[in-house]
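**Q**
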Amino acid sequence: DAKTTQPNSMESNEEEPVHLPCNHSTISGTDYIHWYRQLPSQGPEYVIHGLTSNVNNRMASLAIAEDRKSSTLILHRATLRDAAVYYCILRDWNTGNQFYFGTGTSLTVIP
Amino acid sequence: DTAVSQTPKYLVTQMGNDKSIKCEQNLGHDTMYWYKQDSKKFLKIMFSYNNKELIINETVPNRFSPKSPDKAHLNLHINSLELGDSAVYFCASSQGAGAGANTEAFFGQGTRLTVV
């Protein structure tokens, strides 16, 4: 399975945008890019996913590089509730039931 | 209605005991998973079941035996519990391969297992 690389930690001021990067240089053409987050003492929750085009939903935006070797999760206005560990995961069309987590990025939001 | 529910939420038991954790999903998904999150917070996949068939067994000790009586349930039975089994165990479900990779997965709230 293709691997992802993320910074261990990031900080952001409350109400400012946050850009969380992810490198996936060995991504294959059939890999979907997924983002999940884990709030303290909770199970992981889905944030957003995409294949080639940028995606927006009510939680965040996902910007995917043209060569798909990297992506960025964008939280438009960080709130204290967004403090969590964010995971970037690749899910292959052919083996979609293999769902491997990396170490993720721990986001701290400063009031 | 909780999409993926695990019971119990907390489990404290002595070394050597046998225990089970139950997981149910009401989303109609065909794939279910068990993950272990240790004290270092790394989420490691243990098992994946697709349509009640074992797909992934990530070199988990055979003291851990998953059981999938139907597509909506994936239970985890652990024999002869050891101190190192203390962790938070998460159940998850999703659609599987193919179009499933284009859908989200749902996770339970976790079961905190403490072996004393």
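Keeping their order, the protein sequence lines are chains A and B. Take the first sequence: its letter number 65 is residue 113 in my numbering, and every next letter is one higher. Take the second sequence: its letter number 88 is residue 91 in my numbering, and every next letter is one higher. Where a beta carbon is used, it is the ideal one built from N, C-alpha and C, also for glycine. These figures come from a predicted structure and were not determined experimentally.
1. Between the Cα of B/Ile81 and those of B/Phe67, B/Cys94, B/Ala90 and B/Val91, spot the shortest distance and give me the residue it belongs to.
2. Between A/Gln146 and chain B, is there a C-beta pair that is closer than 8 Å?
3. Could you compute how far the alpha carbon of A/Ile137 sits from the alpha carbon of B/Phe50?
4. Take A/Arg139 and list the residues in its own chain whose beta-carbon comes closer than 6 Å to its own, dropping the five residues that flank it on each side.
5. Could you check where the beta strand (DSSP E) with A/Arg178 kicks off and where it finishes?
6. A/Asp140 versus chain B: which residues are under 7 Å apart at the beta carbon?
7. Taking the beta strand (DSSP E) that A/Ile75 belongs to, which residues open and close that run?
8. Which residues in chain A sit within 8 Å of B/Tyr92, going by Cβ to Cβ distance?
9. Within a Cβ cutoff of 6 Å, which residues of the same chain sit near B/Lys25, ignoring the five residues on either side of it in sequence?
10. Any beta carbon of chain A sitting closer than 8 Å to that of B/Phe50?
11. Between B/Ser97 and B/Met35, what straight-line distance do the alpha-carbon atoms span, to the nearest angstrom?
12. Beta-carbon within less than 8 Å of B/Thr106's beta-carbon, same chain only, minus the 5 sequence neighbours each way: which residues are those?
13. Do you know offhand how far A/Arg116's Cα is from A/Thr100's?
14. Name the chain B residues whose beta carbon is nearer than 7 Å to that of A/Tyr80?
15. From the DSSP output, which residues share a beta bridge with B/Trp37?
16. Under 7 Å Cβ-Cβ, which residues of chain D neighbour B/Phe67?
**A** Taking the structure as given:
1. The residue you call residue 81 of chain B lines up with position 78 of the second sequence. Among B/Phe67, B/Cys94, B/Ala90 and B/Val91, the Cα nearest to that of B/Ile81 belongs to B/Phe67.
2. Your numbering for residue 146 of chain A matches position 98 in the first sequence. Closer than 8 Å: yes.
3. Walking along the first sequence from the start, residue 137 of chain A turns up at place 89. Walking along the second sequence from the start, residue 50 of chain B turns up at place 47. Straight-line Cα distance between these residues: approximately 17 Å.
4. Mapped onto the first sequence, residue 139 of chain A falls at position 91. Taken in chain order, the residues that qualify are Tyr80 and His82.
5. A question about residue 178 of chain A goes unanswered here, because the residues of chain A that appear run from 49 up to 159.
6. As a first step, residue 140 of chain A is located in the first sequence; it is residue number 92 there, counting from the start. Neighbours of A/Asp140 on chain B, chain order: Ala104.
7. If you number the first sequence from 1, residue 75 of chain A lands on position 27. No beta strand (DSSP E) holds A/Ile75; DSSP gives it neither H nor E.
8. As a position in the second sequence, residue 92 of chain B is number 89, starting the count at 1. Those within 8 Å of B/Tyr92 in chain A number zero; the least Cβ separation is about 10 Å.
9. To locate residue 25 of chain B, count along the second sequence from 1; it is residue 22. Answer for B/Lys25: Thr10 and Asn78, listed in chain order.
10. For the purposes of this step, residue 50 of chain B is identified with residue 47 of the second sequence, where counting begins at 1. Not an interface residue.
11. Against the second sequence, residue 97 of chain B aligns to sequence position 94. Against the second sequence, residue 35 of chain B aligns to sequence position 32. Distance between the alpha carbons of B/Ser97 and B/Met35: 6 Å.
12. Translated into positions along the second sequence, residue 106 of chain B becomes position 103. So the qualifying residues of the chain are Ser97 and Gln98.
13. For the purposes of this step, residue 116 of chain A is identified with residue 68 of the first sequence, where counting begins at 1. For the purposes of this step, residue 100 of chain A is identified with residue 52 of the first sequence, where counting begins at 1. Approximately 7 Å between the Cα atoms of the pair.
14. The count along the first sequence starts at 1 and reaches residue 80 of chain A at position 32. Result: Ala104 and Asn105.
15. Indexing the second sequence from 1 puts residue 37 of chain B at position 34. Note: B/Trp37 sits in a beta bridge opposite B/Phe50 and B/Cys94.
16. Structure shown: chain D not included; protein chains present are A and B.
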